[in-house]
Amino acid sequence: MLPFLRMGKGILLAYDQGLEHGPSKDFNEKSVDPAYILDIAEKGKFTGIIFQKGVAEKYYDGKLPLVIKVNGKTSLPKGEPVASQICSVKQAKALGAKAVGYTIYLGSAHENLMLCEFGRIQQEAHELGLAAIAWIYPRGEAVANDTAPEIVAYAARAGLEAGADAVKIKYTGDSDSFRWAVRSAGAARVFMSGGPKAPTDEAFLTQVKGAIDAGASGLAVGRNVWQHERPLKMAAALREIIFNGQSVEAALGKFAP
Amino acid sequence: MLPFLRMGKGILLAYDQGLEHGPSKDFNEKSVDPAYILDIAEKGKFTGIIFQKGVAEKYYDGKLPLVIKVNGKTSLPKGEPVASQICSVKQAKALGAKAVGYTIYLGSAHENLMLCEFGRIQQEAHELGLAAIAWIYPRGEAVANDTAPEIVAYAARAGLEAGADAVKIKYTGDSDSFRWAVRSAGAARVFMSGGPKAPTDEAFLTQVKGAIDAGASGLAVGRNVWQHERPLKMAAALREIIFNGQSVEAALGKFAP
Amino acid sequence: MLPFLRMGKGILLAYDQGLEHGPSKDFNEKSVDPAYILDIAEKGKFTGIIFQKGVAEKYYDGKLPLVIKVNGKTSLPKGEPVASQICSVKQAKALGAKAVGYTIYLGSAHENLMLCEFGRIQQEAHELGLAAIAWIYPRGEAVANDTAPEIVAYAARAGLEAGADAVKIKYTGDSDSFRWAVRSAGAARVFMSGGPKAPTDEAFLTQVKGAIDAGASGLAVGRNVWQHERPLKMAAALREIIFNGQSVEAALGKFAP
Amino acid sequence: MLPFLRMGKGILLAYDQGLEHGPSKDFNEKSVDPAYILDIAEKGKFTGIIFQKGVAEKYYDGKLPLVIKVNGKTSLPKGEPVASQICSVKQAKALGAKAVGYTIYLGSAHENLMLCEFGRIQQEAHELGLAAIAWIYPRGEAVANDTAPEIVAYAARAGLEAGADAVKIKYTGDSDSFRWAVRSAGAARVFMSGGPKAPTDEAFLTQVKGAIDAGASGLAVGRNVWQHERPLKMAAALREIIFNGQSVEAALGKFAP
Amino acid sequence: MLPFLRMGKGILLAYDQGLEHGPSKDFNEKSVDPAYILDIAEKGKFTGIIFQKGVAEKYYDGKLPLVIKVNGKTSLPKGEPVASQICSVKQAKALGAKAVGYTIYLGSAHENLMLCEFGRIQQEAHELGLAAIAWIYPRGEAVANDTAPEIVAYAARAGLEAGADAVKIKYTGDSDSFRWAVRSAGAARVFMSGGPKAPTDEAFLTQVKGAIDAGASGLAVGRNVWQHERPLKMAAALREIIFNGQSVEAALGKFAP
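Residue numbers (numbering that gives the first Met the number 0), protein chains in the order written: chain A, 0 to 256; chain B, 0 to 256; chain C, 0 to 256; chain D, 0 to 256; chain E, 0 to 256.
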């Protein structure tokens, strides 16, 4: 059992965008503060929080299950993407993590480095009693469309075979095609990646509903919550869909005043 | 003696195509499920099953000898092929494996990385009591035709010299030229690689018969069995040829109703 | 608490320019001598001194907290910048260091090597009781302007997430935009990088004042002090701003005869 | 003293051509079989046999001193040549080896990798009581002619300085120029590399005689023996020259019926 | 104190040119023999001898302090220069070395590999009680003139900061500019690199005198001694300048019959 599930489902608050995209792209005066995010995570009843080790060291308060993202990169370098290990599994455990997360840029010219490093990390994680989650993002010159159903299913399957306990993958755009990705992941849990802020609440909730209907175990979401004007309302709406099996319409009701 | 032979012959069910080719290319609703494959392996009396570590961790039930493929890559990256280690020999053993498999892309610009890594893995495997199988696939810009008799024999020989207990190589197209590859492998056992689904059952069984007549110890097959409408019939036909020395015609009789 | 703060603020004398830029570019007959620099550091009441290990081994006298810069490069190579580890954390500790410093060229094609190496060094430093400071300098073909507010804030944030206890970053040019970088660094302390000798004392002190007003914890300065004709006067002026919260005008008064 | 000398001279039977050139290029039905080669080695009174680890594991019978070639490559990849370690020194010793052999492609863009790896292997070998032999082959874009006297002497000298107990180098074409290579090797023993099958027995024996007269300690030969119709006659002829100091004419007498 | 100084000065006989340049470029029948060189070193009262490990293993007799050069390369490869470690510090110590030498090609695209490797070697050397000498040679596409005063001073300073106990650098051409390099090296001792055979004895001795007058601790010389017709006379002349503070004219008197 993954350590961040509740009734078999999970909703993780992701907060490594500062490293991945830069603070000026994603944050404002409030969301730049990890304490603000932790507050949302707790009040919004998230089942886990995702930090890089530096944020965990300085802000994590032990109230929610912690996932440490153990590799990462900035958006600055051009060329084939690669992210290398920044935090050891041992250090993640010492910081209180229940799981480690690692990004594999599938299809990158450096894919083999990341598959290899994840393989080692997965073994260490299991030996130390942590879960291993793979962020699998097909990217690089060889990847034309990273949300094409075949490529998302490929990501899911690669995560299963490489030993991930859960995979974080992008939504394909419709529930039917995402179902194939979930099926391809087999016994590895599927978490939909929240991605950039959606144009409307309905649009985002419809994606989440599609993923859950397709069999996903949950959602790893950042910007669509903490960039929201009313993040706790969004969290409540997401919980309706993920834990209570409600419709998009019912979930939207959580925004009512 | 290899741990997955029966009367000196073997038939291994290979199932790492999800990582190597992507699920959408090779799988359907049934074959995407490792449990379906395990069921075929057991009912089809295979002498072993080949998984990546993630599938082994989550599905392997200990009923058949397990081979863990310890490296792998996707089909996405362009450029010279390379696959690095994903699963340690120690972890493979802990998962119950009796052997490890490793792909060497002979002729790749990264050939030396793989020969070196296989060398280390082979030593560890022997120290821990596991067999080491080399998937030897000549590939890359320097390789014009990967089923030319000379190149297949080169693959077989490289496997022997690098310390493989068994080599998995492609069929050359005829039994006479494949015999030279088997002879080049010397005391290393030769397993024909099943490859993509053949146009007809007869075509595939003729290849297998050719390989066995040439001295191969058996077959590592995936798609020609689990993409088949009647996989257990195909398994029965293959056993006729591999274990009972029967003709293609006799083997085809297994499909009779 | 960082080991080189006084009343929560710090002023570090940096002296690794001999390796980074070459002695002929930055030094004269006096400043080429580490003993001269140590003398300034002590008389100028700096809260710490920054050396490469070779200078520390041969000159450090234990009077001030020592920061050892554990990687470095020359200005000679063209191409994407990369600096690898020269001094182990263990060796830094043995030389008396209270902190280690490491440069990450964010945005370089080799960024992943440096993020990864810093991650390992940060863990070792914390295990041995040393602080880890990241010099974060966006540089390489992908970086158009390394003092643009967004890029400086990105540097600060990357330092926080990667686990730095303090980050050394360039000034953005005005206090308002630097405040965003300080905010992005969160609980990681921000030290403004002194940079090349400013055209006038007022110009430099105005930068420092802007950084301190924006929330920086201090300054890591080299050339603007030891290339100065009256380094101890400059040190006194800087202390006025950093520790006493004085204005630029008041600080300039320290130069009065 | 090298463990494969007899009266200060040696003749080694080399048999790693299957990996280096492919079986179809060098072998026939007989010579493809390591048992055939071992038989020649024993009956031909060779002072040692050279195998890759895989052949040693499966065929070596302990009757002759064993040299394990611990790196190797195929002839397939284009580009600057590099061969990495396949067999550890520890494993070589466990297989019964008295010496390890390692190829350095001097002048290759990857030369530094091989000089470095050989350096480590040489140390391990001496610590474990094995001799270290360097196959030094200048090759790559920077090398115009790998049998030019200067380049062969360079190979010999590089072997001495890198710590080889013996070097295997190509013949320069005449005894006088080869003498300089032998002299350059100093206290490292020189073994002439047999190379491809010579056009006539006399041509080959003349080369060997030239090498021995120049001070070589012996010969590492493969194809000129086991591709020969009468390998034991050739072995006898070679022994006449190497151990008994006979002329080419006298040695040719060994072929008389 | 460096282990190869006498009255604070040193003269080292360098003999790794066989690897660096090839024997045919630098050696003749006499100088190709390490025993000849050792004899010169002893009779010429050198304060140390510099060998690669292979020559040390086979020839070193313990009479003079030994410096082992622990990396090296041939002159064959084109492209950016790099030399990797061939001999471990532990092995150097076991061979009797009092110091290790390592070449850093400053400005090379691979500069970071060598700064990093030297850093590790320096630490090991000091832990084992050996001195660490850096041969610092600016070289590669980014270096236009490797004897320009600024670049030689940069080399000297980089050696100090990287932790060298002594640096071996090229002469700048005049004593005044070399003095700046010596000053830049600080507490690291400076040894002038002898370089290729000078056109006249006077020319070479004038260089050495200029270096000593500039504050150098001595000379590491090879070809200007052992390519000399009267090497012991040259050694005597050098000693006059280095140890006795004599003029070039006085030193030339040593060649008188």
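For every residue, glycine included, the Cβ atom is placed at its ideal position computed from N, Cα and C.
As assigned by DSSP and simplified to three states, the class of residue i
{"i": "PHE177 of chain A", "result": "helix"}
{"i": "ARG119 of chain B", "result": "helix"}
{"i": "MET191 of chain D", "result": "strand"}
{"i": "ASN70 of chain A", "result": "strand"}
{"i": "VAL220 of chain B", "result": "strand"}
{"i": "THR5 of chain C", "result": "Per the sequence shown, residue 5 of chain C should be read as Arg rather than Thr. ARG5 of chain C falls in the strand class under three-state DSSP."}
{"i": "LEU11 of chain D", "result": "strand"}
{"i": "LYS44 of chain B", "result": "coil"}
{"i": "LYS97 of chain B", "result": "strand"}
{"i": "LYS57 of chain B", "result": "helix"}
{"i": "ALA197 of chain B", "result": "coil"}
{"i": "LEU114 of chain C", "result": "helix"}
{"i": "GLU28 of chain E", "result": "coil"}
{"i": "LEU129 of chain B", "result": "coil"}
{"i": "SER183 of chain C", "result": "helix"}
Residues sharing a beta bridge with residue i, DSSP
{"i": "THR102 of chain A", "result": "A:TRP134"}
{"i": "GLN90 of chain D", "result": "Paired residue(s): none; GLN90 of chain D is not in a bridge."}
{"i": "PHE50 of chain D", "result": "D:ILE67"}
{"i": "SER83 of chain B", "result": "B:GLY71"}
{"i": "ALA141 of chain B", "result": "According to DSSP, ALA141 of chain B bridges with nothing at all."}
Expected contact under 8 Å - CB spacing of residue i and residue j to nearest Å
{"i": "LYS52 of chain D", "j": "LEU94 of chain D", "result": "6 Å"}
{"i": "ALA210 of chain B", "j": "ALA163 of chain B", "result": "In fact, because the Cβ distance is near 17 Å, the residues do not count as touching under 8 Å."}
{"i": "ALA187 of chain D", "j": "GLY214 of chain D", "result": "Not confirmed; about 12 Å, so no contact."}
{"i": "ASP15 of chain E", "j": "LYS68 of chain E", "result": "5 Å"}
{"i": "PRO80 of chain A", "j": "ARG138 of chain A", "result": "5 Å"}
{"i": "SER83 of chain C", "j": "CYS115 of chain E", "result": "4 Å"}
{"i": "ILE36 of chain B", "j": "LEU237 of chain B", "result": "ILE36 of chain B to LEU237 of chain B, Cβ: 15 Å. No contact."}
{"i": "VAL259 of chain A", "j": "LEU12 of chain A", "result": "What is shown of chain A runs 0 to 256, which leaves residue 259 of chain A out entirely."}
{"i": "PHE45 of chain A", "j": "ALA197 of chain A", "result": "Not quite, the Cβ-Cβ distance comes to about 18 Å (not below 8 Å), so this is no contact."}
{"i": "ILE49 of chain E", "j": "ALA219 of chain E", "result": "7 Å"}
{"i": "LEU1 of chain D", "j": "ALA165 of chain D", "result": "6 Å"}
{"i": "GLY47 of chain E", "j": "PRO64 of chain E", "result": "4 Å"}
{"i": "ILE120 of chain E", "j": "ALA108 of chain E", "result": "Actually they are not in contact, since the Cβ atoms of ILE120 of chain E and ALA108 of chain E sit about 21 Å apart, beyond 8 Å."}
Run of the beta strand (DSSP E) containing residue i, from where it starts to where it stops
{"i": "LYS253 of chain C", "result": "Segment: none, LYS253 of chain C is in no beta strand (DSSP E) and carries neither H nor E."}
{"i": "VAL166 of chain C", "result": "165-168"}
First and last residue of the uninterrupted alpha helix (DSSP H) at residue i
{"i": "GLY151 of chain E", "result": "The sequence as given places Val at residue 151 of chain E; Gly does not occur at that position. Counting along the chain, the alpha helix (DSSP H) containing VAL151 of chain E begins and ends at 148-161."}
{"i": "ALA235 of chain A", "result": "230-243"}
{"i": "VAL207 of chain C", "result": "200-212"}
{"i": "ALA215 of chain E", "result": "Per DSSP, ALA215 of chain E belongs to no alpha helix (DSSP H) and is neither H nor E."}
{"i": "GLN16 of chain A", "result": "16-19"}
{"i": "SER107 of chain B", "result": "Per DSSP, SER107 of chain B belongs to no alpha helix (DSSP H) and is neither H nor E."}
{"i": "ALA24 of chain E", "result": "Sequence inspection shows Lys at residue 24 of chain E; the Ala mentioned does not correspond to that position. Start and end: 22-25."}
How do the region 74-90 of chain B and the region 140-158 of chain A stand: do at least 3 beta-carbon pairs fall below 8 Å, yes or no? The region 74-90 of chain B vs the region 140-158 of chain A: in contact.
Using 8 Å as the cut-off, can you tell me whether the region 26-42 of chain E makes contact with the region 232-248 of chain D, which would need three or more C-beta pairs spanning the two stretches below that distance? The region 26-42 of chain E makes no contact with the region 232-248 of chain D, as fewer than three CB pairs between them are under 8 Å.
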